[in-house]
Structure formats: structure tokens, C-alpha cells
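Worksheet: the structure to be examined is printed underneath.
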Amino acid sequence: MVLSLLLGRLLGEAMNMSTTGVQPAGPADVTVVLFRDDLRVADNPALHAALERQGSVIALYVLDEVSSDIRPLGGASRWWLHESLLALRASLEPLGVPLVLRKGATEAVVRLVVAESGATRILWNRRYGLAEIAIDTRLESQLRACGLEAASFQASLLFEPWTIRTGGGTPYSVFTPFWRACLAGPEPRAPLPVPTPAGVAAPSVDTDALEEWALQPSNPDWASGLRRTWIPGEASAGARLQRFLDDELEGYSLGRDVPAQHATSRLSPHLRWGEISAHQIWHEVRAIRPSLSPRGADGAAKFLSEVGWREFSWHVLFHSPRLADMPWRREFDDFQWPVLDRRALEAWQRGQTGIPLVDAGMRELWQTGTMHNRVRMVTASFLTKNLLIDWREGERWFWDTLVDADPAANPFNWQWVAGSGADAAPYFRIFNPEVQAKKFDPERSYILQYVPECEGTEYPAPIVDLAHSRQAALAAHFEMKARAGERKVP
Ligand SMILES: Cc1cc2nc3c(=O)[nH]c(=O)nc-3n(C[C@H](O)[C@H](O)[C@H](O)COP(=O)(O)OP(=O)(O)OC[C@H]3O[C@@H](n4cnc5c(N)ncnc54)[C@H](O)[C@@H]3O)c2cc1C
Numbered sequence: 010m011v012l013s014l015l016l017g018r019l020l021g022e023a024m025n026m027s028t029t030g031v032q033p034a035g036p037a038d039v040t041v042v043l044f045r046d047d048l049r050v051a052d053n054p055a056l057h058a059a060l061e062r063q064g065s066v067i068a069l070y071v072l073d074e075v076s077s078d079i080r081p082l083g084g085a086s087r088w089w090l091h092e093s094l095l096a097l098r099a100s101l102e103p104l105g106v107p108l109v110l111r112k113g114a115t116e117a118v119v120r121l122v123v124a125e126s127g128a129t130r131i132l133w134n135r136r137y138g139l140a141e142i143a144i145d146t147r148l149e150s151q152l153r154a155c156g157l158e159a160a161s162f163q164a165s166l167l168f169e170p171w172t173i174r175t176g177g178g179t180p181y182s183v184f185t186p187f188w189r190a191c192l193a194g195p196e197p198r199a200p201l202p203v204p205t206p207a208g209v210a211a212p213s214v215d216t217d218a219l220e221e222w223a224l225q226p227s228n229p230d231w232a233s234g235l236r237r238t239w240i241p242g243e244a245s246a247g248a249r250l251q252r253f254l255d256d257e258l259e260g261y262s263l264g265r266d267v268p269a270q271h272a273t274s275r276l277s278p279h280l281r282w283g284e285i286s287a288h289q290i291w292h293e294v295r296a297i298r299p300s301l302s303p304r305g306a307d308g309a310a311k312f313l314s315e316v317g318w319r320e321f322s323w324h325v326l327f328h329s330p331r332l333a334d335m336p337w338r339r340e341f342d343d344f345q346w347p348v349l350d351r352r353a354l355e356a357w358q359r360g361q362t363g364i365p366l367v368d369a370g371m372r373e374l375w376q377t378g379t380m381h382n383r384v385r386m387v388t389a390s391f392l393t394k395n396l397l398i399d400w401r402e403g404e405r406w407f408w409d410t411l412v413d414a415d416p417a418a419n420p421f422n423w424q425w426v427a428g429s430g431a432d433a434a435p436y437f438r439i440f441n442p443e444v445q446a447k448k449f450d451p452e453r454s455y456i457l458q459y460v461p462e463c464e465g466t467e468y469p470a471p472i473v474d475l476a477h478s479r480q481a482a483l484a485a486h487f488e489m490k491a492r493a494g495e496r497k498v499p
């Protein structure tokens, strides 16, 4: 009933609009731009298109925790989102664009805000998860059915998942040829500048107060380490990229595997929330390439290929939308996980396994909301192979605690380590955390930073024997292979 009244009102307001083509701007032209994983004003195609017109613009962020199949944000992501929305509001202000915050099902909220503002045009940047695509597709047809203009743009990925195909027309399942195909295509478009401010003041529309959303932890406040480690927001993302290019790119290829070196960009949460775009990164790196030393050029290619892994994980998620809860390799459907050992899982989560490198990683994660990539691989391998705990348990913990928790990269990488994913490490690859520590943290500086009690005193005994648990993991995987062979599972 309410819906039909609203739609009627929408239709009434939109009566003078034609449904196709770009409309000439009139004094009452109001555009709503939906913000989701693109919390920036530079290189934001939807915002740019909205501000190219003479009318007024409203930015709308919908906290949608109710639409079906939407994955609720983890705790660290909620903390980041709060900070990032504050930063976004501040950057939109000089553009004359108010940020409206609303909670609820995206489609219903958009219809309400459109009705309240008299907007005739709704623009957004595209998303690539199954549930998100379903919402955006329905929204687009509902809005168009009401005679409104609805349009979407490419903003978050350099290469949209359906545009990169093998010679046989299928999606890629191996990174190297995928990235080669990406690089062989046309150069990604140049990033857009910060748009010029709106010419007309936006109509006043109610907004929730950000504090009402309670995205920040209060009792207990576990976010102090996150606050010390990160400054969310577009300005901070840009500064981080610049610092990385100036000071760290040269040493990236060699240093990126050494957790104590801080040789990586630490851009992942900024990319996750779209405070910086892959297009901006791509073109900044390309622009400095002629002036780089051979080592710098090597670092630049390696760095861009890591951004390529992000593209690949979205490519895989788009074509296998249930990546967070189903093995990508079907033979792993048959894998017999033992009954969950909750105490072992908790010891892992708390960084109390008795394995210094694993404990350091898990404590880094808890304290700072991030963990070095090499250590993510080691801790994930320890959980799934030595403790024989289902990768989905680990994926969920990372989803809750990582500030860069990403709907594609997180399950993709968990499955990569577990052996069940696309282009995954073979199932018999089991990282030995002690060997890894010797190789990548020879001075133990990373370990001692997070597990200071390791120095001098006797560290508690490991909760599992590394050699025996390795054998048990191999046996379980051989069994799965044998079962899959009998049933000829691909
Ligand atoms: C078990 C596990 C879970 C992970 N979960 C996430 C996650 O939820 N979100 C996330 O962004 N990354 C995830 N990663 C990938 C990687 O660890 C992080 O992207 C990286 O540590 C971020 O640090 P950085 O920004 O300094 O990376 P850099 O080395 O500077 O790389 C630049 C960018 O490339 C992208 N990137 C790098 N490595 C990968 C990768 N393996 N897969 C996908 N993108 C990559 C990131 O966007 C990163 O910011 C996970 C890895 C593992 C092993």
C-alpha cells in the first residue's frame, strides 16, 4: 500500500521526464548518487556524471543489513565504515553535496529518498556480488518503470568480470593467463578528477545520525589499536599511495614477503572501501614508470600484478558467487573435516597456539585489524592443515577482524590456501611455520613485536605436533582424492 502510494508519487513527479537519453538540466533537477564500496570523490564516475549536470546532487549511503543474502559487515569493517563516512561527508561538503545516511533494504530506502527529494535521476557505481547485483538490477528496473533515469558505471575494477574470457569463451581459473589477457587489452580509462561543485543547492532530506548506527565498538572499546594504526578516508589513501611510490616501490619485490619490513602499500582497506580506485593506482604507477630504476620497474610490475590478484578474486567470485561457503573445486565437497575442536579454534583466534609466527600474526590481526600477507598464508595453512579446521571458520574470523575484509579476496585466498580454490596452492603444500619464520623473520623482529614473551622465556608448547599433524592432513587429503577419483569428480 505504502509502496504503491510512493510509486504513484514518483510517477507524478517524473511525468515530465522522458525515459531515454540524457535529460537537459532544469532548475528542479535532483540527482541521487548511491555510495557503497566507492567512498571517494575523485575518480568516482557516478558522482562525476551527476555533477556534470547543472542540477543539485544528494549522496546516499544505505546501510543495508536486511536484503536477502547480503553478508553483514564484520566488526572491524563497521569501525572502518564509520570513519570513512565521516571523511566522505567532509569531502562532499565543498562540492555542495549533502551525505544522507539511511538504514534498511536498499530498494525501499532509495524509493523513499527519491520521493522525498523529488529526484529524477539515480546513479551508482557497479557492484559484482550476486546479492548486490540482484538488488541493483531490480532497483534499475523499478526506477525506470517509474520513468526515472537510472544508470550505473564501472568504478571498482579495472576489468569487469565478464569482459575477460579465455579463447573458449569461459572464465579464467588460473591467474597468470588471466592477468596476461587483462594486460593485452586496452589500457584502463584514466581516472577522473574531483568534480566541480553543484550549481544548485540540494533539497533538504532527513538523514540518520551516524552515531545511531553504532558502528563503533563501545563496551568494550576494542578499536584503540585500529585507531592507532589507520586513518580511513580518501585523503589518507592518496597520501599512502604517494608514500609507497616514493619510498617503498623500489624494495617491494624483495621486501613484500618480510613482515617486519613494512614494504607493502597497506592500501587494501582503502581499496576495499573504494577510498582509492584501482584506476588511480594503475595510472599513478604507469606515470612514474619511465623514471624508475630496473628494481623500481620490477617492483611496479609486481605491485600491479598484486592489484591484478584483487581483480582475479572478483573475477572468480562473479563466476562462482558462493565462494565464501562452497569449495570452488568440487572434489573438496567430499573432504571429511573432523568434528570442530573449539578449543583449538579459540587458541588460534587468540594467538595462543604455541607457534610463535602463527601467534604473532593472529595478535597483529586482533590489535591492528590487519596481518601481513605472508603471515596470513601461514596462519591459514596452520588452521586448515595442521589443526584440520574447515577454512570457512578461518574465513569468518578474518571477515570479522580484518579492516580490509573483502567479499572476494577473503574467501578466494582462504580457498587458495586450503587447496580448494582457483589456481590454488596444491593440497600437499603445507607451510611449516617454523621454517617460514626462519626464512622471512630471521631476526624474529616481527614475532617479538607481537609475542614479546618469546624472548628469553620458555614459550608454551605447541597445541599440535607439526610433523604429525602434517601427516594427518596429507592422509585426509589423499583420502579425499581417492574418493573423488572413484566418483570422477572434476
Ligand atoms: C587467508 C587470506 C585472506 C585474505 N583476505 C583478504 C581480504 O579480506 N581482503 C584483501 O584485500 N586481501 C586479502 N588477502 C590478500 C592479501 O593478504 C592482502 O591484500 C594484503 O596483505 C594487503 O596488504 P597491502 O595492501 O600492503 O598489499 P600490497 O602487497 O601492497 O598489494 C597491493 C594490493 O593488491 C591487492 N592484493 C594483494 N595481494 C592480494 C591477494 N592475494 N588477493 C587479492 N588481492 C590482493 C590488495 O588490494 C592490496 O592492497 C588475504 C590473503 C590471505 C592469505
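Numbering of the sequence shown is given in our numbering, commencing with residue 10 and proceeding in unit increments. For glycine and all other residues, C-beta sits at the position ideal for the given N, C-alpha and C.
Roughly how many angstroms lie between the CA atoms of residue i and residue j, to the nearest whole one?
| i | j | result |
| --- | --- | --- |
| P533 | R298 | It is not possible to answer for residue 533, since the shown part of the chain is limited to 10 through 499. |
| P278 | A244 | 13 angstroms |
| D432 | L397 | 21 angstroms |
| A414 | A269 | 22 angstroms |
| G1 | R49 | Nothing can be reported for residue 1, as the shown portion of the chain is limited to 10 through 499. |
| P469 | L366 | 13 angstroms |
| T205 | A55 | 13 angstroms |
| K311 | R265 | 10 angstroms |
| L132 | V66 | 10 angstroms |
| F440 | T129 | 56 angstroms |
| I240 | R401 | 30 angstroms |
| A476 | G403 | 22 angstroms |
| A7 | E92 | There is simply no residue 7 to check, as the chain begins at 10 and stops at 499 in what is shown. |
| R45 | D474 | 45 angstroms |
| L219 | H57 | 25 angstroms |
| D342 | G430 | 12 angstroms |
| G370 | V123 | 46 angstroms |
| A434 | W89 | 31 angstroms |
| L19 | C155 | Only weak support exists for where L19 lies, its pLDDT of 35 falling under 50; the value from the coordinates is given anyway. The straight-line gap from Cα to Cα measures roughly 7 angstroms. |
| W423 | G105 | 42 angstroms |
| R275 | G494 | 42 angstroms |
| I472 | I456 | 18 angstroms |
| W337 | E355 | 26 angstroms |
| G363 | L110 | 45 angstroms |
| S314 | L101 | 32 angstroms |
| C463 | A160 | 56 angstroms |
| S300 | R252 | 16 angstroms |
Between the Cα of residue i and those of the options, spot the shortest distance and give me the residue it belongs to.
| i | options | result |
| --- | --- | --- |
| E1 | G305, P336, L280, A356 | The chain is shown from 10 up to 499; residue 1 falls before or after that span and cannot be answered. |
| E158 | G208, T40, G138 | T40 |
| A68 | T216, S286, T388, W406 | T216 |
| G84 | G494, Y459, D350, D230 | D230 |
| R304 | S322, S262, R275, A296 | S262 |
| R351 | F344, Q345, R359 | R359 |
| S329 | W171, A491, A154, H57 | W171 |
| H550 | F344, I364, P202, W425 | Beyond the ends of the chain as shown, which are 10 and 499, falls residue 550; an answer cannot be given. |
| V426 | W89, S390, A117 | S390 |
| W357 | D368, R385, A309, R136 | D368 |
| W346 | E464, W323, D399 | D399 |
| K448 | V384, V412, E462, G317 | V384 |
| I285 | R249, R339, G194 | R249 |
Identify, in the order they occur along the chain, each residue of the same chain with its Cβ nearer than 8 angstroms to the Cβ of residue i, setting aside the five sequence neighbours on each side.
| i | result |
| --- | --- |
| G30 | Because G30 sits at a pLDDT of 35, beneath the cut-off of 50, its placement in the model cannot be relied upon, and the following sentence gives the value as read from the coordinates. Taken in chain order, the list of residues that qualify is empty. |
| P416 | R80, G138, L326, A333 |
Leaving aside the five residues before and after residue i along the sequence, list all residues of the same chain whose C-beta is less than 6 angstroms from its C-beta, in chain order.
| i | result |
| --- | --- |
| H486 | Y436 |
| W374 | Residue 374 is actually Leu in this sequence, not Trp. M380, T410. |
| A59 | T40, V42, V66, L132 |
| G208 | Q63 |
| S454 | A269 |
| R87 | L224 |
| T238 | T377 |
| M489 | D343, F344 |
Keeping to the same chain, check which residues put their C-beta closer than 7 angstroms to that of residue i; ignore five residues upstream and five downstream.
| i | result |
| --- | --- |
| H504 | Nothing about residue 504 can be reported from this structure: the residues present for the chain run from 10 to 499 only. |
| D47 | N53, N134, A164, S165, G283 |
| W408 | G83, A414, N419 |
| T175 | Y181 |
| W406 | Q358 |
| V118 | V71, R111 |
Is the beta carbon of residue i within less than 8 angstroms of some heavy atom of ligand 3?
| i | result |
| --- | --- |
| W171 | Within the structure as shown, ligand 3 is missing, the only ligands being ligand 1. |
Practice task
Examine the Cβ distances between the segment 141–149 and the segment 180–187 and report whether three or more of them are shorter than 8 angstroms.
Solution key: Contact check between the segment 141–149 and the segment 180–187: fewer than three CB pairs, one atom from each, fall below 8 angstroms, which does not count as touching.
Exercise for the section: State whether the segment 369–378 contacts the segment 231–251, with contact taken as three or more CB pairs (one from each stretch) at a distance under 8 angstroms. Expected result: In short, these stretches touch, since the Cβ pair count reaches three.
Problem - the segment 75–86 in contact with the segment 137–146 per 3-pair CB rule at 8 angstroms - result: Output reads yes: the segment 137–146 touches the segment 75–86.
Problem - Cβ contact check for the segment 240–254 and the segment 89–104: 3 or more pairs under 8 angstroms - result: Under the three-pair Cβ rule at 8 angstroms, the segment 240–254 counts as touching the segment 89–104.
Exercise for the section: Answer yes if the segment 476–486 comes into contact with the segment 386–404, meaning at least three C-beta pairs across the two stretches below 8 angstroms, and no otherwise. Expected result: Using a Cβ-Cβ distance cut-off of 8 angstroms, the segment 386–404 and the segment 476–486 are in contact, since at least three pairs of beta carbons, one from each stretch, lie closer than that value.
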